Each structure stands twice: as structure tokens, then as C-alpha cells.
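**Student:** First to last, the sequence lines map onto chains A and B.
At position 67 of the first sequence the residue is numbered 67 (the numbering used here), and the sequence of numbers has no breaks.
Numbers in the numbering used here are just positions in the second sequence, counted from 1, shifted up by 1000.
Right, I'll just put the structure down here and ask away after.
2 protein chains.
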Amino acid sequence: MTTDRKVILYIAMSLDGYIATKDNSLEFLSMVEQEGEDYGYNDFIASVDAVIIGRKTYEKVIAMGYEYPHTDKDVYILSRTAKPAIGNFTFYADDLSRLVHDLKKQSGKHIYCDGGAEIANELMKNNLIDEFIISVVPILLGDGIKLFNDGRPELTLELLSTKQFDKGLTQLHYKRAHK
Amino acid sequence: MTTDRKVILYIAMSLDGYIATKDNSLEFLSMVEQEGEDYGYNDFIASVDAVIIGRKTYEKVIAMGYEYPHTDKDVYILSRTAKPAIGNFTFYADDLSRLVHDLKKQSGKHIYCDGGAEIANELMKNNLIDEFIISVVPILLGDGIKLFNDGRPELTLELLSTKQFDKGLTQLHYKRAHK
């Protein structure tokens, strides 16, 4: 038995499918920054109470001098080596599929996949993402870290909505067409 | 001096950025087929009078038992080896950039880049595509022939329109933000 908790990938990519440049810069996102426009982020964040993130992505946030947000949620940092938890931040070294299955057995809000590409692809390989909210930024980066790597199974989607914003960002929202 | 003829890439890709499967199948496009809905294709075709296509893509159409359409247009089939023209179908073995520059000096309607990925990427490497009309099909193919290869220059775009269709296809129309 699973609950109706969904795993949702909420992420921005360039039209050519990159989530960052080769040297991990997210600078291109600044072109769509607009006062008072959060592209649905806060509403989305209010709909989740668990976060799955790769260790490298997590450490990137820390290295940039930020505290990792979502301190009010259960955060699972996927890591090859287990480390003691810090509050509700768990360093999870076990199988990612098992984590998702366990979380889905528990009742709660939705589960946010906060990247990076490695974790997202691992989830997609195991068909564990229920919804995709992808913000397409109006730029061709030309090179970088791809959101979608080769070697995943085919998955038919159902388009839930398309939203177009002033700065040229388009947000595509899909769910899996089949379980 | 160039005219205002534009090179337009009009193409469909899966959400994960593939234009065909590894074995060149376009079968996934059938999921968005709908009686009476051509996704703007005929209007688009009426706006062009020249077509650039790679030899392999051209021969794929022929091998599938079709005649190549656009017999009323100037068709340039990019080929490593020159061959005699067939009517208004030219087998072009010279530099692709030169072809585009030459066409843009002539007055006429727009210029359609009909693929494949190799020609599209060669044009993008030389910053020769003026507009992108990309139909995003609601599927993750998981593997295949990517529309966008690594190693292109960065290019800022301006979103002209987003169109959402019943079958879940989203059509994104961009132009280059800078010349």
C-alpha cells in the first residue's frame, strides 16, 4: 500500500536541456529574475514536507555560503557514506528506491526532488518521479550539465499545464501517464 | 546587406530532448496526431520558400517510401559529395554558412531547417538560426538522437509564444535576442 504522496521534480533548465554550466554556474537563472515573481516556488514548497537532494548539490549550496533551506522539512541528503543526522537532515547512504518506497508508505505532503541531475536520473531510471515541473529558461547554454542523461526507460507523460511568464520562462507541468 | 529572410528551425522533440530514437524511429510523434490539428505546420510551410536538410535525413524520408515534399521550394540537401541537381533540389557540398549567407542576400520567404540534428547543430555552432519553433512532445524517450549537442555557443533567446494543445504537445517559439 502506498499513499498518494508524490515525488515531484521541480527544476529549471535551459531550452537545450542544461541545469547548470560545466563549471556548475547557475548564473543563467538571473535572466528570469523578476521582483514579485517566484514562478510558483512558494506554493510548490508549501505542498511538500520531504526533500531528496544529492550530496554534491547540497554541498554546493553550503559552499556558496547559504544555509540549506527547508529546515522545516525532512531532508534526505543522498550520500555514499552515512553520516550522523543533523536535526531533520538525514545523510542517507542506502538505496534511493527504498527511501522513496518508504516515504510513500508514510502519510504526508509531497516529496520534492531538489536535484541534481544524478539523483533525478537515478529516480527516472527507476520510474520514481510522479510529476515534473520544468521551467524552461529562454537561453541555449550550448554546453553544461544535462538534466536528462541517456539510458533511461521510456515514459509517457500527461501535460497538466503550460505557463508562460513575462521574462520568457515557460513552466511545463507533467504527470506520469501510467503508474 | 542581408534581407529579412530568417532561418527557422521547426522541429519536434521529446521533453528529454530527443528528435528520434537510437534506431531513428519517429513513432513517438504518433501520440500527438490529431485529426484536423497540424500544429501550425501548413502556415509555417507557407511562410518559407527554401529548405535546408541533411542528406541522411533526406534519404531517410525517401527510404520510408515517401517522396520528399516541398517540391515547390528551393531544397538544399547538405551532402559531403556534390551531385547533379534534380529540378529545384540541389545537393550542396560547399560550406553551410556560405549557403545561409547567400540565401539571406537573396530576397524571398523564410528558410526552413528541416533537420537532422547534425545540420541543426552545425547551424547553431555558427549562430545561424534566427527562430526556433520547438514542439515538445509529452514523453520521455529515455535515449535517442538529441536535438542539442554539447559544444555550441551560448545564445540568449526571446520567447515569442507558447501554445498548448489538446494532446499535450507544447509549442515554444523563440527568436534570437541578439543578432
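Beta carbons: idealized from backbone N, C-alpha and C, even for Gly.
Just so you know, these numbers come straight off a predicted model, no measurement behind them.
Give the secondary structure of residue 70 of chain A by DSSP, where H, G and I count as helix, E and B as strand, and everything else as coil.
**Tutor:** In the first sequence, residue 70 of chain A corresponds to position 70, counting from 1. Coil, per DSSP.
**Student:** In the DSSP assignment, the alpha helix (DSSP H) including residue 35 of chain A goes from what residue to what residue?
**Tutor:** Indexing the first sequence from 1 puts residue 35 of chain A at position 35. From DSSP, residue 35 of chain A is part of no alpha helix (DSSP H); its letter is neither H nor E.
**Student:** Taking DSSP as the reference, what is the three-state secondary structure of residue 1031 of chain B?
**Tutor:** Along the second sequence, one-based indexing puts residue 1031 of chain B at 31. Residue 1031 of chain B: helix per DSSP, three-state reduction.
**Student:** What do you get for residue 62 of chain A, buried or exposed, if any count of 16 or more other CB atoms within 10 angstroms of its CB means buried?
**Tutor:** Taking the first sequence and counting its residues from 1, the one referred to as residue 62 of chain A is at position 62. The residue is exposed, with fewer than 16 neighbouring Cβ atoms inside 10 Å.
**Student:** Among residues of its own chain, excluding the 5 on either side of residue 1121 of chain B, which ones have a beta-carbon nearer than 6 Å to its beta-carbon?
**Tutor:** Your numbering for residue 1121 of chain B matches position 121 in the second sequence. Here the set comprises 1149.
**Student:** Can you tell me which of the three DSSP states residue 172 of chain A falls into?
**Tutor:** Here residue 172 of chain A refers to the residue found at position 172 when the first sequence is read from its first residue. Strand, per DSSP.
**Student:** Among residues of its own chain, excluding the 5 on either side of residue 44 of chain A, which ones have a beta-carbon nearer than 6 Å to its beta-carbon?
**Tutor:** Within the first sequence, residue 44 of chain A is the residue found at index 44, counting from 1. Closer than 6 Å at the Cβ level, and outside the excluded window around residue 44 of chain A, lie 10.
**Student:** Quick one: list the residues of chain A neighbouring residue 1164 of chain B, beta-carbon separation under 8 Å, in chain order.
**Tutor:** Counting from one through the second sequence, the residue named residue 1164 of chain B turns up at place 164. Within 8 Å Cβ-Cβ: 159, 161 and 162.
**Student:** Compare the C-alpha of residue 79 of chain A against each of A:168, A:55, A:114 and A:17 and name the closest.
**Tutor:** Here residue 79 of chain A refers to the residue found at position 79 of the first sequence. Per the Cα distances, A:55.
**Student:** Hey, residue 8 of chain A and residue 48 of chain A are a contact pair by Cβ (cut 8 Å); roughly how many whole angstroms apart?
**Tutor:** For the purposes of this step, residue 8 of chain A is identified with residue 8 of the first sequence, where counting begins at 1. For the purposes of this step, residue 48 of chain A is identified with residue 48 of the first sequence, where counting begins at 1. Right, the Cβ-Cβ distance comes to about 7 Å (below 8 Å), so this counts as a contact.
**Student:** According to DSSP, simplified to helix, strand and coil, what is residue 1165 of chain B?
**Tutor:** Translated into positions along the second sequence, residue 1165 of chain B becomes position 165. Three-state result, residue 1165 of chain B: coil.
**Student:** Would you list, in sequence order, the uninterrupted alpha helix (DSSP H) runs of no fewer than 4 residues that lie entirely inside the stretch 1057–1118 of chain B?
**Tutor:** For the stretch 1057–1118 of chain B, whole alpha helix (DSSP H) runs of length 4 or above, ordered along the chain, are 1096–1105.
**Student:** Tell me which residues share the same chain as residue 131 of chain A and place their Cβ nearer than 6 Å to its Cβ, disregarding the 5 neighbours each side in the sequence.
**Tutor:** As a first step, residue 131 of chain A is located in the first sequence; it is residue number 131 there, counting from the start. Answer for residue 131 of chain A: 6, 8 and 175, listed in chain order.
**Student:** Looking at residue 1159 of chain B: is its Cβ nearer than 8 Å to the Cβ of residue 168 of chain A?
**Tutor:** Within the second sequence, the letter at position 159 stands for residue 1159 of chain B. Within the first sequence, the letter at position 168 stands for residue 168 of chain A. Result yes, Cβ atoms of residue 1159 of chain B and residue 168 of chain A sit closer than 8 Å.
**Student:** Can you find a CB in chain B that lies within less than 8 Å of the CB of residue 80 of chain A?
**Tutor:** One-based indexing of the first sequence puts residue 80 of chain A at position 80. Not an interface residue.
**Student:** Where does residue 1093 of chain B land, buried or exposed, given buried means 16+ other C-beta within 10 angstroms?
**Tutor:** Numbered from its first residue, the second sequence carries residue 1093 of chain B at position 93. It is exposed - the Cβ of residue 1093 of chain B has fewer than 16 other Cβ atoms within 10 Å.
**Student:** When the distance is taken between beta carbons, is residue 139 of chain A closer than 8 Å to residue 15 of chain A?
**Tutor:** Stepping through the first sequence from its first residue, residue 15 of chain A is reached at position 15. Stepping through the first sequence from its first residue, residue 139 of chain A is reached at position 139. Yes, Cβ-Cβ distance for residue 15 of chain A and residue 139 of chain A is below 8 Å.
**Student:** Taking only beta carbons into account, state which residues of the stretch 138–159 of chain A come closer than 7 Å to chain B, listed in chain order.
**Tutor:** Listed by position along the chain: 138, 139, 140, 141, 142, 143, 148, 150, 151, 152, 153, 154, 155, 156, 157, 158 and 159.
**Student:** With distance defined between alpha-carbon atoms, name the residue in A:137, A:83 and A:141 nearest to residue 1127 of chain B.
**Tutor:** Position 127 of the second sequence, counted from the start, is the residue given in the question as residue 1127 of chain B. Measuring from the Cα of residue 1127 of chain B, the nearest candidate turns out to be A:141.
**Student:** Run through chain B and tell me which residues come within less than 7 Å of residue 17 of chain A, C-beta to C-beta.
**Tutor:** Within the first sequence, residue 17 of chain A is the residue found at index 17, counting from 1. Correct list: 1017 and 1148.
**Student:** Could you pull out every residue in the same chain whose Cβ sits closer than 7 Å to the Cβ of residue 177 of chain A, ignoring the five residues on either side in sequence?
**Tutor:** In the first sequence, the residue the question calls residue 177 of chain A occupies position 177. The residues are 156, 157 and 158.
**Student:** What three-state label does DSSP hand residue 181 of chain A in the structure shown?
**Tutor:** Given a span of 1 to 179 for chain A in the structure shown, any question on residue 181 of chain A remains unanswerable.
**Student:** Considering only their Cβ atoms, is the gap separating residue 1161 of chain B from residue 1012 of chain B smaller than 8 Å?
**Tutor:** Within the second sequence, the letter at position 12 stands for residue 1012 of chain B. Within the second sequence, the letter at position 161 stands for residue 1161 of chain B. Going by C-beta atoms, residue 1012 of chain B is not nearer than 8 Å to residue 1161 of chain B.
**Student:** In the DSSP assignment, what residue or residues form a beta bridge with residue 14 of chain A?
**Tutor:** As a working note, residue 14 of chain A is residue 14 in the first sequence. A:137, per the DSSP bridge assignment.
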